[in-house]
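Inspection log for the structure reproduced underneath, given as structure tokens.
Number of protein chains: 4
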Amino acid sequence: MKKLGVGVLGVGEMGKRHAENLRRLVPQARLVAIADVAGERARQVAAELEIEHWDNSLGALLEHKDINSVLIATPDKFHAGAIIQAAEAGKNILCEKPLATNMADAEAALKAVEKAGVRLQIGFMRRYDPAYAAAMQRVEAGEIGEPVLFKSVGRDKDAPPMSAYQANVNGMVFYNNTIHDFDLARWLMKDEVREVQSYGTVAIRPEVAKYGDVVASVVNLSFSRGAIGNIESYVQAVYAYDVRTEVVGSKGSIFIGSVNQAPATFLTAHGATRTLADHFLTRFEDAYLAEVRDVVDNMLHDRPPRVTGEDGLRSLAIAVAAEKSLHQRSACPVEIQAAATSGKS
Amino acid sequence: MKKLGVGVLGVGEMGKRHAENLRRLVPQARLVAIADVAGERARQVAAELEIEHWDNSLGALLEHKDINSVLIATPDKFHAGAIIQAAEAGKNILCEKPLATNMADAEAALKAVEKAGVRLQIGFMRRYDPAYAAAMQRVEAGEIGEPVLFKSVGRDKDAPPMSAYQANVNGMVFYNNTIHDFDLARWLMKDEVREVQSYGTVAIRPEVAKYGDVVASVVNLSFSRGAIGNIESYVQAVYAYDVRTEVVGSKGSIFIGSVNQAPATFLTAHGATRTLADHFLTRFEDAYLAEVRDVVDNMLHDRPPRVTGEDGLRSLAIAVAAEKSLHQRSACPVEIQAAATSGKS
Amino acid sequence: MKKLGVGVLGVGEMGKRHAENLRRLVPQARLVAIADVAGERARQVAAELEIEHWDNSLGALLEHKDINSVLIATPDKFHAGAIIQAAEAGKNILCEKPLATNMADAEAALKAVEKAGVRLQIGFMRRYDPAYAAAMQRVEAGEIGEPVLFKSVGRDKDAPPMSAYQANVNGMVFYNNTIHDFDLARWLMKDEVREVQSYGTVAIRPEVAKYGDVVASVVNLSFSRGAIGNIESYVQAVYAYDVRTEVVGSKGSIFIGSVNQAPATFLTAHGATRTLADHFLTRFEDAYLAEVRDVVDNMLHDRPPRVTGEDGLRSLAIAVAAEKSLHQRSACPVEIQAAATSGKS
Amino acid sequence: MKKLGVGVLGVGEMGKRHAENLRRLVPQARLVAIADVAGERARQVAAELEIEHWDNSLGALLEHKDINSVLIATPDKFHAGAIIQAAEAGKNILCEKPLATNMADAEAALKAVEKAGVRLQIGFMRRYDPAYAAAMQRVEAGEIGEPVLFKSVGRDKDAPPMSAYQANVNGMVFYNNTIHDFDLARWLMKDEVREVQSYGTVAIRPEVAKYGDVVASVVNLSFSRGAIGNIESYVQAVYAYDVRTEVVGSKGSIFIGSVNQAPATFLTAHGATRTLADHFLTRFEDAYLAEVRDVVDNMLHDRPPRVTGEDGLRSLAIAVAAEKSLHQRSACPVEIQAAATSGKS
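Protein chains in written order, with my numbering: chain Z, 1 to 345; chain E, 1001 to 1345; chain W, 2001 to 2345; chain P, 3001 to 3345.
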């Protein structure tokens, strides 16, 4: 069997999962090496997964001749730079979301990809989740008629440690969390968001304000063809990892997700209690695997990526507008330079 | 047993239900007469409920000496005028929501109530629903900590007939539907909404636009103490009467409502099917009865109303701001004249 | 409007609800009088419901000339005797389940009804519950194909006080609780139960044994046309009043009921909690009203009852067989004397 | 890392899943070889999983010197023989349920295991499912008080092809399906089943009768310490793979499973539709993996198995009694020869 040689950059929680999937569950891939600026972490993961090579830089990783493709799972702010470096080395790329943490970096990354003529897919893995995929099939089959409303809720269980805010490795909530919903909005509604209105709050954790972030946000969406929507994000919901999406149409509605996410109910005189899901790696376990399998298969057979660099750019542009609206207290248009999307990867 | 003499004005779907409850299920009340400008309808309902008197005007209804209190269930735009007339006749009043369809009328109505020294309650019956009432108890007991987000969805099942838009008897969606959620927002969050941002759409029914209305809307809320929120309304959801509310706090969350509203599930090779609730009179049957019982009891014992004229005014002010935001594409403050709330009923 | 004159015998919890429904919510009925051997209770209920007459015996109740029909809601063991007395007085009858607590009494009651030529309906009100009624419609429409399995669970929330066992006013669990499921089994499966196998336990409340009762039971059913089933009853489930029924067929299945019976969910770091239903008068509120309305309407128009004396007899025969199986540790046939069903009311 | 050398016998649907898990997801194991009497199937699976060796007999498999443990996933009727052969070769064993299809074979197998001094675990993987494991923890913590009732439902989605009945590779429904529930009954109730009563039906597929099997069954259970229970099995439920278990106690109840097994709901004017789970390999994916990981870890560290040969024997004895009761129409005791359990593996 011909196999795709892959290298993984960044083996924190997310990158390690990708590496495990590639190593164990994707027969078409050969995980050649992993790299992490924390070299010791790279060494440990390599040992655990029984991978021959590990490196402490992307430069070193790119030296391996049998690596054809690179999976980027660094902190958000290093995504664009890593894409540029990998593209210049002629590698195909699967990069975690977001494409970048600002529009200039995003456009530079896409330009590099175009110039190098390599493939780039952005890691919006929810598109691969069985429930989301089934929803999309029904939308495309016209079963809910014309979409009228897009609604989404994304709540993480535990508050991020303050050190995460201090290190500023990821963008604020719009760039790191809500970006998933921005992508779903475009994908499920088969339309573009043209304008947004947003509010955010730090009320229960005021110290977050000095890092330019919020603990909760609501973003109203206005779509190009007339539909509207709202996305809520909350990073410390305490009770569960709770992700729900609705597409409401003229003939029916689709509701994805559940507040009852585990199959055991405990009934006492105090009521019924259920244990809930607590982590995205649990909820989207299947999606992450399906994603990396699809990417490997497409790259092996030189087929275009399912989630493009332009998808990454457009969702980022919504996040930028949402952040702007937070400060301006007015609706903000979603803006993309014409040039930026001319070269679709 | 001493009984409260009550007259009901307006016996359409809503008023008839109130009349039935008063006639049959509220022993403390005596339903003396009903009135409706459609005299024949008044006559028929009186016959069906075995009530002695019926009239075709509020003036005639107010003539009955043993009527102490009036329940107003006319079309929205007549609420304020009816309140003024009933107040001037010295009657206590339970008026369906909204208090009025514009701020000037609302303020005039409250002034008349204050001057006459009568009681006025506004018909926000959801506060009496067992699930909402239980939620409020938990909020007040501090069980979810500090409220961070208020979320609400209100979807009617069937599209209103175009004749309803033409007759313009009720206000647009914000005044007739969303007003319930505006009241819940203030009540459950124990806070005031200071600013809103809204989008609306007529995409799937463009002819609604000429009546100044929308078929769906999303309203972002900013509360005085820092919390935020969003309310969605949709008047033609097709699949069910679907009302859901969440209060999300620092220690937990409360979710009221369900998309699975009926207790029978039909399982076939095509999946699981449930029959859903289809009407507010079904979903809130208990609430309407509890409301009218509470009002009658309070009036008999000269206790202040649970939902005041000021509550009516403040929810209306949010609707006004939401409508303004729809046109201005910017956040709009919720404004109330200082004088308007000085005389709380 | 012509009205049916009704008298109610027994105004404990159940009889009082019937009286309230008849007095307030059934315009076609006139509740002439109520009777209870506890005369003071009869007097109080009459005052509360504003009914003119009250009596302390069935004999006195039957004296009222404008009473055409009698609703019997006494303790179980008095049902048969009251039916005989009312029938001999020429009254139509709605009698709470069970028809009687032994076969001899049941047969005597049916004979008296037949001889007097009056109508008799047995109070299996679940047939009137919207969810059960919808299920039956689907069964009759053939939507689940041929029925294969009948499953039912009936759990009361709070343990009966020991005084209830001592007074022995009702039959054991099979006669007072499971009898509902025996009736549902026959009705929904459109078939007769020919044999049963049962186990019971008193493990957590051994003192119940001396009254010949159990706290929980499981009864396997064998139907005449080949289907099978099981019914579980538990009288002290602690957590909720939990009633669930399934009809499983060759093309699909119907599931009635839910462990999530209330529409508010409370979410904390400890999981999701729901408040559950706690009483049959809450769960089956609509069914009791629909039942009495149907009975009154049928009696006014001289139409046959929907649930017949034979239905009462056949469900009782299953209970008798289930009790016998408990002691014999073998399958017991369901036996009815041919004569007993010859005169169907 | 020291690794456990494993061979897999039988690579049909179930055995192939075990092989995949061992090959890819259990770093502590080395899958040395697979064997199947259908040699071509063994060859294909070996190629797909990139395993060096494949064989077409257990004898050949046992020749591999670096195989320390054998996983048996043959048709049921070959389990006991394979256990004996593997035990005599000195291998530790994980054998799929049931231990055997009759008591004599089961006892012979346990005797061989005891004589050889090897480890044997039976594949009751539900004990490893997160929901069942969480339930057991609560039972053991005393949270539901004293267990009163055990209820379980096991329904397969699609009818087995008639060829499966003809080939008679597996035992009837009690031995192949209900055996899971028999094991759960013993495990979750921490008690032994002493007697059973059962009914079965072939009504909708009469041709199954000639193979001595049924399409649906209900089994009443009587436990040694007084609790009771019921298990239903149905092999062609059409709508879903539907597994549910309840343990009902004196202080509360635990409900495992759900009829709403997938997280997407489709809402239209015809009601709410959900897509349901359809296969045991999906529902119990996590359990199968956790099971094989635990077995490998225990064998590597020479710790006793979590599910013993005696567990296999005792669940089989319940199946035997249930089958007997089907024919005798009476309660049948669960019988085990004293000698059979003297040597616990």
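Note that the Cβ used here is the ideal one computed from N, Cα and C, for glycine as well.
Starting from the C-beta of residue i, find all residues in its chain whose C-beta is less than 6 Å away, skip the five residues before and the five after it, and write them out in chain order.
| i | result |
| --- | --- |
| W/VAL2296 | LEU2004, VAL2026, GLN2028, ALA2029 |
| Z/GLN197 | ASN220, SER325, ALA331 |
| W/PHE2255 | GLU2246 |
| Z/VAL243 | GLY154, GLY257 |
What does the alpha-carbon distance come out to for the pair residue i and residue j?
| i | j | result |
| --- | --- | --- |
| W/MET2136 | W/MET2189 | 9 Å |
| E/MET1125 | Z/TYR132 | 37 Å |
| W/PRO2075 | W/ASN2170 | 6 Å |
| W/ALA2216 | P/GLY3249 | 11 Å |
| W/LEU2267 | Z/LYS151 | 21 Å |
| E/MET1103 | E/VAL1006 | 28 Å |
| Z/LYS77 | E/ALA1100 | 52 Å |
| Z/ARG41 | Z/GLY15 | 11 Å |
| E/TYR1234 | E/ILE1144 | 28 Å |
| E/LYS1157 | E/TYR1239 | 6 Å |
| W/ARG2043 | W/ALA2159 | 29 Å |
| W/ASN2021 | Z/ILE318 | 58 Å |
| E/ASP1183 | E/LEU1316 | 9 Å |
| Z/ASP55 | Z/LEU49 | 15 Å |
| P/TYR3128 | P/GLU3291 | 6 Å |
| E/VAL1218 | Z/ILE228 | 7 Å |
| Z/LYS2 | Z/LEU300 | 8 Å |
| P/ASN3168 | W/GLU2096 | 52 Å |
| W/MET2172 | W/GLU2195 | 20 Å |
Give the interface partners of residue i over in chain E, defined as CB-CB distance under 9 Å, in chain order.
| i | result |
| --- | --- |
| Z/GLU63 | Within 9 Å Cβ-Cβ: nothing; Z/GLU63 doesn't reach chain E, min ~49 Å. |
Measuring from the CB of residue i, is there a heavy atom of the ligand ADP at a distance below 6 Å?
| i | result |
| --- | --- |
| P/GLU3195 | Annotation note on the ligand ADP: not contained in the displayed structure, which lists no ligands. |
Can you list the residues of chain Z that residue i reaches, using a CB-CB cut of under 7 Å?
| i | result |
| --- | --- |
| E/VAL1032 | Under the 7 Å cutoff, chain Z gives no residues; its nearest Cβ is about 44 Å from E/VAL1032. |
Anything in chain W within Cβ reach of residue i, meaning under 7 Å, just list it in chain order.
| i | result |
| --- | --- |
| Z/ALA240 | LEU2267 |
Taking C-beta pairs closer than 9 Å, name the residues in chain Z that residue i reaches, listed in chain order.
| i | result |
| --- | --- |
| P/ILE3254 | ALA264, THR265, PHE266, LEU267 |
Taking residue i as part of the alpha helix (DSSP H), name the residues at either end of that continuous run.
| i | result |
| --- | --- |
| E/GLU1013 | 1013-1020 |
| P/GLU3040 | 3039-3049 |
| P/ALA3109 | 3103-3116 |
What in chain P is Cβ-close to residue i, meaning under 9 Å?
| i | result |
| --- | --- |
| W/ARG2329 | GLU3195, GLN3197, SER3222, SER3330, ALA3331 |
List the residues of chain P that residue i touches, going by C-beta distances under 7 Å, in chain order.
| i | result |
| --- | --- |
| Z/GLY251 | Strictly speaking, residue 251 of chain Z in this sequence is Lys, with Gly absent from that position. THR3268, listed in chain order. |
Kindly list, in the order they appear in chain E, the residues whose Cβ is closer than 8 Å to that of residue i.
| i | result |
| --- | --- |
| Z/GLU146 | ALA1203, ILE1204 |
| W/ARG2024 | ARG1024, LEU1025 |
Please go through the same chain and pick out, in chain order, the residues whose beta-carbon is closer than 8 Å to the beta-carbon of residue i, but skip the five residues on each side of it.
| i | result |
| --- | --- |
| Z/GLU192 | ARG186, PHE223, SER224, ARG314, VAL334 |
| P/ILE3067 | GLY3005, VAL3006, GLY3007, VAL3032, ALA3033, LEU3061, LYS3091 |
| W/ALA2209 | VAL2202 |
| Z/HIS53 | VAL32, ALA33, ILE34, ALA46, HIS64 |
Keeping to the same chain, check which residues put their C-beta closer than 7 Å to that of residue i; ignore five residues upstream and five downstream.
| i | result |
| --- | --- |
| E/GLU985 | As shown, chain E starts at 1001 and ends at 1345. That puts residue 985 of chain E outside it, with no answer to give. |
| E/ARG1017 | LEU1281, TYR1288 |
| W/ALA2237 | ARG2155, ASP2156, LYS2157 |
| Z/ALA19 | VAL8, VAL11, LEU31, ILE34, VAL45, LEU49 |
What span of residues does the beta strand (DSSP E) with residue i cover, start to end?
| i | result |
| --- | --- |
| E/PHE1255 | 1252-1256 |
| E/TYR1234 | 1228-1234 |
| Z/PRO130 | Here Z/PRO130 belongs to no beta strand (DSSP E); instead the alpha helix (DSSP H) covers 130-140. |
| P/LEU3031 | 3029-3035 |
Point to revise | Residue ranges of each beta strand (DSSP E) within the stretch 174-217 of chain Z, 3 or longer | key: Complete beta strand (DSSP E) runs here, min 3: 193-201.
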